[in-house]
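Written below as structure tokens is the structure these notes are about.
Protein chains: 2
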Amino acid sequence: MAVYTQPVQTLIDELGRMPGVGPKSAQRIAFHLLKIPADDVARLALSITDAKARVRFCTRCWNFAEGELCPICLDDRRDSTVLCVVEESRDIISIEKTGEFTGRYHVLLGAMNPLDGVGPEQLKMKELFARIEPEDVQEVILCTNPNTEGEVTAMYIARMMKPFGVKVTRIASGLPVGGDLEYADELTLGRALEGRRELHG
Amino acid sequence: MAVYTQPVQTLIDELGRMPGVGPKSAQRIAFHLLKIPADDVARLALSITDAKARVRFCTRCWNFAEGELCPICLDDRRDSTVLCVVEESRDIISIEKTGEFTGRYHVLLGAMNPLDGVGPEQLKMKELFARIEPEDVQEVILCTNPNTEGEVTAMYIARMMKPFGVKVTRIASGLPVGGDLEYADELTLGRALEGRRELHG
Numbered sequence: 001m002a003v004y005t006q007p008v009q010t011l012i013d014e015l016g017r018m019p020g021v022g023p024k025s026a027q028r029i030a031f032h033l034l035k036i037p038a039d040d041v042a043r044l045a046l047s048i049t050d051a052k053a054r055v056r057f058c059t060r061c062w063n064f065a066e067g068e069l070c071p072i073c074l075d076d077r078r079d080s081t082v083l084c085v086v087e088e089s090r091d092i093i094s095i096e097k098t099g100e101f102t103g104r105y106h107v108l109l110g111a112m113n114p115l116d117g118v119g120p121e122q123l124k125m126k127e128l129f130a131r132i133e134p135e136d137v138q139e140v141i142l143c144t145n146p147n148t149e150g151e152v153t154a155m156y157i158a159r160m161m162k163p164f165g166v167k168v169t170r171i172a173s174g175l176p177v178g179g180d181l182e183y184a185d186e187l188t189l190g191r192a193l194e195g196r197r198e199l200h201g
Numbered sequence: 202m203a204v205y206t207q208p209v210q211t212l213i214d215e216l217g218r219m220p221g222v223g224p225k226s227a228q229r230i231a232f233h234l235l236k237i238p239a240d241d242v243a244r245l246a247l248s249i250t251d252a253k254a255r256v257r258f259c260t261r262c263w264n265f266a267e268g269e270l271c272p273i274c275l276d277d278r279r280d281s282t283v284l285c286v287v288e289e290s291r292d293i294i295s296i297e298k299t300g301e302f303t304g305r306y307h308v309l310l311g312a313m314n315p316l317d318g319v320g321p322e323q324l325k326m327k328e329l330f331a332r333i334e335p336e337d338v339q340e341v342i343l344c345t346n347p348n349t350e351g352e353v354t355a356m357y358i359a360r361m362m363k364p365f366g367v368k369v370t371r372i373a374s375g376l377p378v379g380g381d382l383e384y385a386d387e388l389t390l391g392r393a394l395e396g397r398r399e400l401h402g
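Protein sequence lines, in the order shown, are assigned to chains C and U. Those letters in the first sequence? Residues 1 to 201, by this note's numbering. Those letters in the second sequence? Residues 202 to 402, by this note's numbering.
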């Protein structure tokens, strides 16, 4: 016997397909699952099939939704003239937590990455442009990540947005609040300097 | 909306219970599962329930088994007089890969860890001692990990084994083959010196 009995090996293989789960972790998780009570394992398996069966994407903004539209698109109090473009649904959670934004979102479901073959066609880009006029959008806030992929994506959208004549803004890059100049990397520090704002004391 | 729709949150919570999967990884895995084809997700869920339903522990050595006994215990060619004691089934795989061992195994399903409340009663210790006479075991090789828990467990077994009058051995600690003295930690180097063997040139 050089490998595990087949159901164990299959389980390890399947777990190993999850992002960020290497062979060692897959093995550890499999062993854990085989040791704990069957009820707990059933609950995990059910949560997977249940989420997959019930959750789909909002047909307007591509956030997670249980019905046709997500809770934010269903909420009349949200300002439809300001649209915040994010890469993933999880970014919506982060922005909602700030309590600073009352507009709507558009989830691209990724960022442009030519090396990985992810271009505008692989993202919800057409769907974004199609929203501008019907929803009377006045400002598009580009909240893609401040890394290469996110910047490229933001640049692309800004360029494509020109004909629409709407205001396009990008979230600020700079030092984290409570951070320390000493520990800031030079790129971030450079951006922080570039984005400096006048103080009226 | 400050959190995800309920099935997504439940999925993240359940994934986060897996060992080594923190909240961020759980989120990433959940998002991944919601994006990939439903068939792939169904396969993952099935592998979990299937393994849990079909895999049990060998009633003799506590290795994984699909029936009463594991493939190693079922194999007549294995020498029942040499018993290798390991913490987990995965250790059996590692040892089998060396091709150096033809005896049988005993899986403790863990190691002693008084701080975590894991004593001999929480492990398959009684079951180990009960095998010695009926299986006519002549040598017990202690292959628990060379860390604190594994050492404590090995010491305990060695002491409990005295009345049986069988040979009890411990795997060697030392420098890894192909390793470099410069990078060895002092504990390992100390053990390597202590376990030095005479060379007959």
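All residues carry an ideal CB built from backbone N, CA and C; glycine is no exception.
R244 (chain U), enclosing alpha helix (DSSP H) - first and last residue
Per DSSP, R244 (chain U) belongs to the alpha helix (DSSP H) from A239 to R255.
Chain C beta carbons: is any one of them nearer than 8 angstroms to that of V308 (chain U)?
With 8 angstroms as the cut-off, V308 (chain U) does not count as an interface residue toward chain C.
Is the region 68 to 79 of chain C touching the region 124 to 135 of chain C, taking contact as three or more C-beta pairs under 8 angstroms?
No, because fewer than three Cβ pairs between the region 68 to 79 of chain C and the region 124 to 135 of chain C fall closer than 8 angstroms, the two stretches do not touch.
Min CB distance A2 (chain C) to chain U below 8 angstroms:
The predicted model places A2 (chain C) with a pLDDT of 46, which falls under 50 and marks its position as unreliable; any figure quoted below should be read in that light. Residue-level contact by beta carbon holds for A2 (chain C) and chain U, with a gap shorter than 8 angstroms.
Relative to the alpha-carbon of R398 (chain U), which residue among U:S374, U:R261 and U:E322 has its alpha-carbon at the smallest distance?
The candidate whose alpha carbon is nearest that of R398 (chain U) is U:S374.
Relative to the C-alpha of L170 (chain C), which candidate in C:T153, C:Q27 and C:I93 has its C-alpha closest?
The sequence given here places Arg at residue 170 (chain C); Leu does not occur at that position. Checked all of C:T153, C:Q27 and C:I93; the closest Cα to R170 (chain C) is C:T153.
In its own chain, which residues sit with a C-beta less than 6 angstroms from the C-beta of I342 (chain U), not counting the 5 before and 5 after it?
So the qualifying residues of the chain are C285 and T370.
So if I threshold CB-CB distances at 8 angstroms, which residues from the region 13 to 32 of chain C count as touching chain U?
Against chain U - using a Cβ distance shorter than 8 angstroms - the residues of the region 13 to 32 of chain C are D13, E14, L15, R17, M18, P19, G20, V21, S25, Q27, R28, I29, A30, F31 and H32.
Does DSSP classify I273 (chain U) as helix, strand or coil?
DSSP places I273 (chain U) in helix when its eight states are reduced to three.
Exposed or buried, L388 (chain U), counting other C-beta atoms within 10 Å across all chains shown (16 or more means buried)?
By the 10 Å Cβ count, L388 (chain U) comes out exposed.
Sub-8 angstroms separation of D292 (chain U) and C344 (chain U) beta-carbons:
Yes; because the gap between Cβ atoms is below 8 angstroms, this pair is in contact.
List the residues of chain C that F302 (chain U) touches, going by C-beta distances under 9 angstroms, in chain order.
Within chain C, no C-beta atom comes nearer than 9 angstroms to that of F302 (chain U); the closest sits roughly 12 angstroms away.
Pull up the CB-CB distance for K253 (chain U) and A30 (chain C), whole angstroms please, since I reckon it's below 8 angstroms.
With 8 angstroms as the limit, K253 (chain U) and A30 (chain C) do not qualify as a contact, their Cβ atoms being about 10 angstroms apart.
Could you tell me the distance, in whole angstroms, from the CA atom of A246 (chain U) to the CA atom of L123 (chain C)?
Approximately 28 angstroms, taken between the alpha carbons.
Start and end residues, beta strand (DSSP E) containing S281 (chain U)
Boundaries of the beta strand (DSSP E) harbouring S281 (chain U): D280 to V287, taken from the DSSP string.
Residues that R90 (chain C) contacts on chain U, provided the C-beta gap is smaller than 7 angstroms
Ordered by position in chain U, the residues that pass the 7 angstroms Cβ test against R90 (chain C) are Q228 and F232.
Simplified DSSP assignment, three categories, for K325 (chain U)
The answer is coil: DSSP assigns K325 (chain U) none of H, G, I, E or B.
Anything in chain U within Cβ reach of V41 (chain C), meaning under 8 angstroms, just list it in chain order.
Result: I249, T250 and K253.
Cβ of A239 (chain U) within 8 angstroms of any chain C Cβ
A Cβ of chain C is located within less than 8 angstroms of the beta carbon of A239 (chain U).
Positions along the region 371 to 399 of chain U whose CB lies within less than 7 angstroms of some CB in chain C:
Against chain C - using a Cβ distance shorter than 7 angstroms - the region 371 to 399 of chain U contributes no residues.
Cα separation between P347 (chain U) and V222 (chain U)?
P347 (chain U) and V222 (chain U) have their C-alpha atoms spaced approximately 25 angstroms apart.
Proximal chain U residues relative to L11 (chain C), where beta-carbon distance stays under 7 angstroms
Within chain U, the residues S248, I249 and A252 have their CB atoms less than 7 angstroms from the CB of L11 (chain C), given in chain order.
Taking a Cβ distance cut-off of 8 angstroms, strictly less, list which residues of the region 317 to 340 of chain U are near chain C, in chain order.
None of the residues of the region 317 to 340 of chain U has a beta carbon lying less than 8 angstroms from any beta carbon of chain C.
For chain U, find out if any of its Cβ atoms is closer than 8 angstroms to the Cβ of V8 (chain C); answer yes or no.
True, the Cβ-Cβ gap to chain U drops below 8 angstroms.
Under 7 angstroms by beta carbon: chain C residues contacting V256 (chain U):
Here the neighbours are T5, P7, V8 and L34.
Mark L189 (chain C) as exposed unless 16 or more other C-beta atoms lie within 10 angstroms of its C-beta, in which case mark it buried.
Per the 10 Å Cβ criterion, exposed.
May I ask you to list, following chain order, the residues of the region 360 to 371 of chain U that have a beta carbon less than 8 angstroms from some beta carbon of chain C?
Correct list: empty, as no residue qualifies.
The alpha helix (DSSP H) with E395 (chain U) in it runs from where to where?
Residues E387 to E395.
F233 (chain C): which of C:L109, C:E182 and C:S47 sits nearest, CA to CA?
Not covered by the structure: residue 233 (chain C). The range shown for chain C is 1 to 201.
Can you give the beta carbon distance from E289 (chain U) to V308 (chain U), rounded, assuming they're within the 8 angstroms contact cut?
Right, the Cβ-Cβ distance comes to about 6 angstroms (below 8 angstroms), so this counts as a contact.
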